[in-house]
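**Student:** My questions will all concern the structure given below.
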Amino acid sequence: MEKTYQPSAIESKWYDFWESNGLFKASGDTAKPAYCIVIPPPNVTGTLHMGHAFQDTIMDFLIRYHRMKGDNTLWQPGTDHAGIATQMVVERQLNQQGLTRHDLGRNKFVEKIWEWKEQSGGMITKQLRRMGASADWSRERFTMDDGLSEAVKKTFVDLYDQGLIYRGQRLVNWDPVLKTAVSDIEVESVEEQGSLWHLRYPIDGTDEVMIVATTRPETMLGDSAVAVNPNDERYTHLVGKMINLPLCDRQIPIIADDYVDQEFGTGCVKITPAHDFNDYEMGKRHDLPLINILTPDAKINDEAPEAYRGLDRFEARKKVVADFEAAGLLEKIEPHTLKIPRGDRTGQVIEPYLTDQWYVDAKTLAKPAIEVVKSGKIKFVPENWDKTYYEWMNNIQDWCISRQLWWGHQIPAWYDEEGNVYVGHDEAEVRAKYNLGDISLRQDEDVLDTWFSSALWPFTTLGWPENTEELKTFYPTSVLVTGFDIIFFWVARMIMMGMHFMEEIPFKEIYIHGLVRDQDGQKMSKSKGNVLDPIDLIDGIDLETLVKKRTTGLMQPQMAERIEKSTRKNFPDGIKAYGTDALRFTFTALATNGRDVIFDVGRVEGYSNFCNKIWNAARFVFMNTEGQAIADQPEARSHIDDWILSRITHVNEEVERHVAQYRFDLATQALYDFIWNEFCDWYLELTKPVLNGDFSDEQKAATRYTLLSVLDGILKMLHPFMPYITEEIWQKLVTIAPVFKDSDSIMTASFPSFNARNEALEADIEWLQNVLLEVRRIRAEMNIAPGKPLPVLYENATEEDVRRLAQNELFALKIGRLESLTACEGNAPESAVAVVGKMRLLIPLAGLIDKEQELARLTREIGKLEPSIKQLAGKLSNEGFIAKAPAAVVAKEREKLADMENTLTELNQQLAKIKAL
2 MEKTYQPSAI ESKWYDFWES NGLFKASGDT AKPAYCIVIP PPNVTGTLHM GHAFQDTIMD
62 FLIRYHRMKG DNTLWQPGTD HAGIATQMVV ERQLNQQGLT RHDLGRNKFV EKIWEWKEQS
122 GGMITKQLRR MGASADWSRE RFTMDDGLSE AVKKTFVDLY DQGLIYRGQR LVNWDPVLKT
182 AVSDIEVESV EEQGSLWHLR YPIDGTDEVM IVATTRPETM LGDSAVAVNP NDERYTHLVG
242 KMINLPLCDR QIPIIADDYV DQEFGTGCVK ITPAHDFNDY EMGKRHDLPL INILTPDAKI
302 NDEAPEAYRG LDRFEARKKV VADFEAAGLL EKIEPHTLKI PRGDRTGQVI EPYLTDQWYV
362 DAKTLAKPAI EVVKSGKIKF VPENWDKTYY EWMNNIQDWC ISRQLWWGHQ IPAWYDEEGN
422 VYVGHDEAEV RAKYNLGDIS LRQDEDVLDT WFSSALWPFT TLGWPENTEE LKTFYPTSVL
482 VTGFDIIFFW VARMIMMGMH FMEEIPFKEI YIHGLVRDQD GQKMSKSKGN VLDPIDLIDG
542 IDLETLVKKR TTGLMQPQMA ERIEKSTRKN FPDGIKAYGT DALRFTFTAL ATNGRDVIFD
602 VGRVEGYSNF CNKIWNAARF VFMNTEGQAI ADQPEARSHI DDWILSRITH VNEEVERHVA
662 QYRFDLATQA LYDFIWNEFC DWYLELTKPV LNGDFSDEQK AATRYTLLSV LDGILKMLHP
722 FMPYITEEIW QKLVTIAPVF KDSDSIMTAS FPSFNARNEA LEADIEWLQN VLLEVRRIRA
782 EMNIAPGKPL PVLYENATEE DVRRLAQNEL FALKIGRLES LTACEGNAPE SAVAVVGKMR
842 LLIPLAGLID KEQELARLTR EIGKLEPSIK QLAGKLSNEG FIAKAPAAVV AKEREKLADM
902 ENTLTELNQQ LAKIKAL
């Protein structure tokens, strides 16, 4: 092995080995339990971000773990065609050539998208490979491939024929730039500063007016009523009267509805059913007319008075306000902070818009989907997420599944010249199904929402509607790993479709992971300049390249300047190359059952050091075993060997227990503590007296075998967390000791199990550790050189202490660098004292330290520390600092102060001890 661990030198080598040898494929052994995860399909336009890297680390961990447990394991990969995102990418390319999609026409444009997909799409799957994702890429699916496309058609036709899909006119989220309906998840609510306009509406036949407040004055052109609460005595006498709607030359009624909050504003609400979701529902209750005043590109249409026709919605807003003011009907304008819905792709304000769309009867499909969660057939982890699921499902609305795009699954519906609709797999089937002969037909131009095809993902990727072996073997799948933000958009819909078409749940468990946030708990976004690229953490990136990467494409110079400044401050040396394993281990360490994951690059660096620790430990093992006799002889093992076998049994049980409960963080910590502390810091040191001392050849051979056996177990337990370093070291291990080779790759080796727990022996070695730690503490406190042999006396020892001293004396002397370890007879003047249980350890200090020199040293250190504590305490008592500084900064400063105060206490205690000598 190389002297230092270099992840870049081994990662591509082993991934190529795994994939080229078909090791990612399921074993096909149907006698073994089937274990399957379907990947949440990333957008084909996408690139790897921290959320993907976190999520896919968890999935790959589970896949590798169950593969090693002997399960017939499949990780089914694939990508989503991402209707809007992909169409926008290719349209932008055309725009750079001075063309639009309309210049090409639909068929040519779709051909262009397929060309782009073949050349540039799929970048994210290459990046997932960098993360070590052991998916069966030979089975990779795409939501627009032939098989899935046919499945989507069948789903639509079957649901239509069953009366569960229909076409109707309703309000949708409308992007006026894309000119399509969009789903709620594609709408971002952004808090912005706006205005609240108070408008005076004259009541017909009276001198009275009703004052209504609105944040969108232009929509009054489509008002159908003004509503008040039926219990509001101020307006009871007006209910049923008519309002002369200003600017419009028409009348609208005053209605009463419990929805109106009489405490808000004036208690009067203008109702525009065609341009507000809440108003739409009220309009249905009161049978109000739906007056759409907008064109698809958000200009005022011919339903509005002529003076406003053709104006952009915001220009119309200005004119409406000006005309109200000119008519003396503008009461006042107030500044108002509100949530503005903006399209996540275009950034434009989304409009509630009345259009004809295709809908799924979600209420009917939801009933069995609710029941399977209630009955426990599907379990959420953590369990509390089922409440979110029920809240959405019990209040579910019919699902708008049509999009006004060209890229996607074109809706399999045809229209005749009278507008009658016919649904079938293709035109020939439609003509035969409805006996249409040769009449003229045109296909619906809309495509299906991408969530429609991804709702079928768990069974279509396994071959449905064909009854394939994979479908029979792996459906229902084992667990879905996903974020809480798409429980409704994706999780719920997969359950609905699975129950309807397969009459079976799509997965048994749903593990909901948190969202990745930066070290200050902030959401990662380009505009904040806190986005981290997982590949940068793996490969490293220099400062100038990182600055350029983070600021390129930002429209505002001030924003770019701010992000550059922040980047230079946080990463003055760029980002070091940490390798995939350190990043993966960081993710599993952070995978708690909470909602948010606070990511700090410092954690990755720490786990990179952990990789180095493992590497160096393996080198120690190999240097002491390669070419030497090794033997599995339990009777020749030292009690130190038996102790480490007991401890690895314990950690093995802990890891398995935590993984079963999806507590990846606890499994990570258990392994980390065992490897770093017990194996590296204790066992490797404790083997040196055996390997280098006066022990028999049989004992040495048994210790060498134990070293290799425990390292083999560590590597196998660690493999799902850190696949690359474990494969590299294990391949060397099985070369030295072929007896441990049970597969050509650690990835397909058996997950270890041990049965040598000895808690009494563990207590004995814990006692030895405490003795040695107390000696080390005294060395540190008294500033005694680590290599200087110490005479140690003991008194007040119990029979158990005496037994343990006899058992471990050699190890205590060698590891503790002790000159002697003897019972105390009489007083031991000027001694440092430590206590282990009831036993007292005494180290005579005569000749070991210079009392005056040590007192002077401690006094100097205390003198340096006290002013720093005073300065920091003053800073934290400054109310201005506390108010302005980020909470995370304040917390770090308080933690720093606490550490300094603890250090000062320890120094004062040491000073007092030495003075007392």
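Going by the numbering used here, the first residue of the sequence shown is number 2, and it counts up by one from there. The beta carbon of each residue, even a glycine, is placed where N, CA and C say it ideally should be. Owing to the predicted nature of the structure, the values given are computational and were not obtained by experimental measurement.
Would you tell me roughly how many angstroms separate the C-alpha atoms of Tyr512 and Leu814, rounded to the nearest one?
**Tutor:** C-alpha separation (whole angstroms): 51 Å.
**Student:** Can you tell me whether Ser121 is buried or exposed? The criterion is at least 16 other CB atoms within 10 Å of its CB, across all chains shown.
**Tutor:** Exposed.
**Student:** Which residues in the same chain as Ile341 place their Cβ atom closer than 8 Å to its Cβ, once the five residues preceding and following it in sequence are excluded?
**Tutor:** Cβ neighbours of Ile341 beyond the five flanking positions: Ser190, Val191, Glu192, Glu193, Gly195, Val350.
**Student:** When you compare each of Val691, Phe623, Glu763, Leu811 to Ile730 by their alpha carbons, which one comes out closest?
**Tutor:** Residue Phe623 is the option with its Cα nearest to Ile730.
**Student:** Please give the ranges of any alpha helix (DSSP H) in the segment 500 to 575, keeping only runs that are unbroken, at least 4 residues long and fully inside the region.
**Tutor:** Runs of the alpha helix (DSSP H) inside the segment 500 to 575: 535 to 540, 544 to 552, 558 to 571.
**Student:** Exposed or buried, which one is Met748 when buried takes at least 16 other CB atoms within 10 Å?
**Tutor:** Met748 is buried by the Cβ-count criterion.
**Student:** Going by alpha carbons, who is nearest to Trp408 out of Ile11, Arg102, Met69?
**Tutor:** With distances taken between Cα atoms, Trp408 lies closest to Arg102.
**Student:** Between the segment 435 to 446 and the segment 35 to 52, do at least 3 Cβ pairs fall closer than 8 Å?
**Tutor:** Judged by Cβ distances under 8 Å, the segment 435 to 446 makes no contact with the segment 35 to 52, as fewer than three pairs qualify.
**Student:** Check this for me: beta carbons of Thr474 and Ala35, under 9 Å apart or not?
**Tutor:** Yes, the pair counts as a contact, with Cβ atoms nearer than the cut-off.
**Student:** To which residues does DSSP link Lys333 through a beta bridge?
**Tutor:** In DSSP, Lys333 forms a bridge with His199.
**Student:** Spatial neighbours of Glu392 within its chain, please: CB distance less than 7 Å, with the 5 preceding and 5 following residues excluded, ordered by chain position.
**Tutor:** Cβ neighbours of Glu392 beyond the five flanking positions: none.
**Student:** Would you please state the rounded distance, in angstroms, between the beta carbons of Trp400 and Ala363? I believe it to be under 8 Å.
**Tutor:** Yes, they are in contact, since the Cβ atoms of Trp400 and Ala363 sit about 5 Å apart, within 8 Å.
**Student:** Can you tell which of Asn108, Arg131, Pro290, Lys109 has its C-alpha closest to the C-alpha of Pro535?
**Tutor:** Closest by alpha carbon: Arg131.
**Student:** Could you name the residues that DSSP lists as bridge partners for Gln358?
**Tutor:** Its beta-bridge partners are Gly169.
**Student:** Use the C-beta contact count for Glu187: other C-beta atoms within 10 angstroms, 16 or more gives buried, fewer gives exposed.
**Tutor:** Buried is the call here.
**Student:** List, from N- to C-terminal side, the beta strand (DSSP E) runs of 3 residues or more that fit wholly inside the segment 58 to 99.
**Tutor:** Runs of the beta strand (DSSP E) inside the segment 58 to 99: 73 to 77.
**Student:** Which residues share a DSSP beta bridge with Val382?
**Tutor:** BP columns for Val382 point to Tyr512.
**Student:** Hey, is Glu796 close to the ligand SAH, as in C-beta under 8 Å from one of its heavy atoms?
**Tutor:** Ligands in the displayed structure: none, and consequently the ligand SAH is not present.
**Student:** For Ala661, which of helix, strand or coil comes out of DSSP?
**Tutor:** Residue state, collapsed to three classes: helix.
**Student:** If you reduce the DSSP assignment to three classes, tell me which class Ser968 lands in.
**Tutor:** Within the shown structure, residues of the chain are numbered from 2 to 918, placing residue 968 beyond reach of any answer.
**Student:** For the segment 655 to 703, list the alpha helix (DSSP H) runs that are entirely contained and at least 4 residues long, ordered along the chain.
**Tutor:** Counting only runs of 4 or more, we get 665 to 674, 685 to 693.
**Student:** Arg343 by DSSP, collapsed to three states: which one?
**Tutor:** The answer is strand: DSSP assigns Arg343 an E or B state.
**Student:** For Thr483, list the residues DSSP reports as bridge partners.
**Tutor:** Answer is Ile513.
**Student:** Going by DSSP, which residues form a beta bridge with Arg443?
**Tutor:** Partner(s): Tyr416.
**Student:** Could you tell me the distance, in whole angstroms, from the CA atom of Asp743 to the CA atom of Ile576?
**Tutor:** The alpha-carbon atoms of Asp743 and Ile576 are separated by roughly 39 Å.
**Student:** Let me know if Arg780 comes out buried or exposed under the rule of 16 or more other beta-carbons within 10 Å of its beta-carbon.
**Tutor:** Its Cβ being crowded by 16 or more others within 10 Å, Arg780 is buried.
**Student:** Is it right to say His514 is buried, meaning 16 or more other beta carbons lie within 10 angstroms of its own, or is it exposed?
**Tutor:** So His514 counts as buried.
**Student:** Hey, how far is the Cα of Lys375 from the Cα of Asn594?
**Tutor:** If you take the alpha carbons of Lys375 and Asn594, they lie about 21 Å apart.
**Student:** Looking at the unbroken alpha helix (DSSP H) that takes in Ala257, where does it start and where does it end?
**Tutor:** Here Ala257 belongs to no alpha helix (DSSP H); instead the beta strand (DSSP E) covers 251 to 257.
**Student:** So what does Thr338 bridge to, in DSSP terms?
**Tutor:** Note: Thr338 sits in a beta bridge opposite Gln194.
**Student:** Reducing DSSP to helix, strand and coil, say where Trp175 ends up.
**Tutor:** The answer is strand: DSSP assigns Trp175 an E or B state.
**Student:** State the DSSP-derived secondary structure class of Thr823, mapped to helix, strand or coil.
**Tutor:** Strand, per DSSP.
**Student:** Could you tell me whether the Cβ atoms of Val158 and Trp458 are closer together than 9 Å?
**Tutor:** For Val158 and Trp458, no; Cβs fall outside 9 Å.
**Student:** Three-state secondary structure (DSSP) at Gln411?
**Tutor:** Reduced to three states, the DSSP call for Gln411 is strand.
**Student:** Decide if Ser526 is buried, meaning its Cβ has at least 16 other Cβ atoms within 10 Å, or exposed.
**Tutor:** Per the 10 Å Cβ criterion, exposed.
**Student:** Kindly give me the distance between the Cβ atoms of Asn302 and Arg314, rounded to whole angstroms, as I take these residues to be in contact under 8 Å.
**Tutor:** With a Cβ gap of about 11 Å, Asn302 and Arg314 do not count as contacting.
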